[in-house]
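The listed protein sequences correspond, in order, to chains A and B. Terminal number for the first sequence in the numbering used here: 176, no gaps in between. Terminal number for the second sequence in the numbering used here: 1134, no gaps in between. Just so you know, even glycine gets a beta-carbon here, dropped at the ideal spot from N, CA and C. Report on the following structure.
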Amino acid sequence: GPITLVIHGGAGTILKENIAPEKEAAYLKTLQAALDSGFQILAGGGRSVDAVIAAVTILENDPLFNAGRGSVFSESGKNEMDAAIMDGSNLMAGSVAGVTTIKNPIQAAYAVMTKSEHVMMIGAGAEKFANDQGVAIVDPSYFFDSTRYKQWQKVKLKAQSSTSLLDNVTRDKKFG
Amino acid sequence: TVGAVALDRYGNLAAATSTGGMTNKKYGRVGDAPIIGAGTYADNESCAVSATGWGEYFIRLNVAHDIAAMKRYTNLNLQQCADSVVLKKVLALGGDGGVITLDRAGNFTMTFNTAGMFRGYIREKEEAHVFIYK
């Protein structure tokens, strides 16, 4: 088949009337950048695993998306991230979960896949392994985004109510 | 959650998914994104899948692998496989979300049962396309 790249940046209650035109343009711009980044690798004869890492890295770096910088807040006020990658040519796979200091979790997942005999690592151990493999480590404050923080504050208030899961104000009932 | 699936000129597929998870999550909760077979899967013999949505449902249904297995073991095309899992099985349980899928022939889907999904694709000799709404 022809070289192809497909991406997503999350699904949900995403309605045109809820997104300002300038924000919509920002979303589309980053999606386009992610496609361009990954496709450049494919067009140059690069591997599909490198293309998906390139595309996801662009999306992780944009606070608009819930991954990497701009991730949502956990109940304890942390940005806890997860990522996975799989190579269809050999069924190799790698993933990390509950990490808070790895700048681009997808690159840590790739390190797990290619530089360990394991498939999944979590928390502090995953962070130590990533650091040992030269994956960029940052202070947790790097992931902070004020919009996400306000979102979390709002959810916490709602969570104190027994009807929190029925409230549609926040337009999402998937709260911890 | 964000993700990507790709097919290179050697016919190899790959999938990747990354997420911050669920707002206000407790107790080290982990969703489907990092679980191979639930939110992420790739096999040259079937397809590559990256998912986004309500993780607990995608884990229970092993969504990514279910789509890949359906593609491999039945005569259904990729769109039928993705629709069967996301628009029927996930919805039937009460979950929501979507997937992107891609096979070695270059067929792909962007299937979701929500109001919208940030998404896009690009293929050789074609313009890139990006979308948000249904």
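Distance between A1004 of chain B and H8 of chain A, taken at the CA atoms: about 6 Å. The residue from B:Q1080, B:L1013, B:Y1121 with its alpha-carbon nearest to that of D1043 of chain B is B:L1013. With respect to the C-alpha of T1023 of chain B, the residue from B:T1001, B:T1017, B:N1075 having the closest C-alpha is B:T1001. Straight across, the Cα-Cα distance linking P21 of chain A with A83 of chain A is about 30 Å. Any Cβ of chain A closer than 7 Å to the Cβ of T1114 of chain B would place that residue at the interface, and such an atom is present. Linking D1066 of chain B to N1077 of chain B through their CA atoms gives a straight-line distance of about 14 Å. Shown here, Y1010 of chain B sits in coil according to DSSP, grouped into three states, outside any helix or strand. Nearest to G98 of chain A by C-alpha distance, out of A:K115, A:S116, A:V72, is A:V72. With a contact defined as Cβ atoms closer than 8 Å, I122 of chain A and V56 of chain A miss out at about 19 Å.
Close to chain A, meaning a Cβ-Cβ distance shorter than 8 Å, is no residue of the stretch 1062-1083 of chain B at all. Just measuring C-alpha positions, the residue of A:N131, A:E75, A:Q40, A:N104 sitting nearest K158 of chain A is A:E75.
Looking at the backbone, the Cα of C1047 of chain B and that of S1084 of chain B are separated by about 15 Å. By the Cβ-count criterion, G125 of chain A is exposed, with fewer than 16 other Cβ atoms from all chains shown falling within 10 Å of its own Cβ. For V1063 of chain B, the secondary structure class from DSSP, reduced to helix, strand or coil, is helix. Under DSSP, the beta-bridge partners assigned to S95 of chain A are A:A84, A:M120. Between Y1027 of chain B and P1034 of chain B, the alpha-carbon positions lie close to 17 Å from each other.
With a threshold of 7 Å between beta carbons, Y142 of chain A makes no contact with chain B. For L42 of chain A, the enclosing alpha helix (DSSP H) starts and ends at 21-43. Among the residues facing chain A, I1100 of chain B is included, as its CB has a counterpart in that chain under 7 Å away. Near chain B, meaning a CB-to-CB distance below 9 Å, the residues of the stretch 103-122 of chain A are N104, P105, I106, A109, Y110, V119, M120, I122. Exclusion of the five residues before and after A1006 of chain B leaves A1014 as the residues of its chain whose Cβ lies within less than 6 Å of its Cβ. F1118 of chain B and D1096 of chain B have their C-alpha atoms some 15 Å from each other. Of A:Q151, A:K150, A:Y142, A:Q153, the smallest CA-CA separation from N61 of chain A is found for A:Y142. Here L5 of chain A has L35, G38, F39, L42, A51, A55 as same chain residues with Cβ atoms under 7 Å from its own Cβ, once five neighbours each way along the sequence are excluded. For S89 of chain A, the nearest beta carbon of chain B is closer than 7 Å to its own beta carbon.
Taken in chain order, the members of the stretch 6-31 of chain A whose beta-carbon sits within less than 7 Å of a beta-carbon on chain B are V6, I7, H8, G9, G10, A11, G12, T13, I14, L15, K16, E24, Y27, L28, L31.
For F1118 of chain B, the C-beta contacts it makes with chain A under 8 Å involve H8, G9, G10, A11, I14, Y27, L31, F65, in order along the chain. Between A1051 of chain B and G46 of chain A, the alpha-carbon positions lie close to 24 Å from each other. Under the DSSP assignment, M113 of chain A falls in the alpha helix (DSSP H) whose first and last residues are 105-115. A straight-line Cα-Cα distance of about 22 Å links Q133 of chain A and G1020 of chain B. With a threshold of 7 Å between beta carbons, G1095 of chain B makes no contact with chain A. F129 of chain A and E17 of chain A have their C-alpha atoms roughly 44 Å apart.
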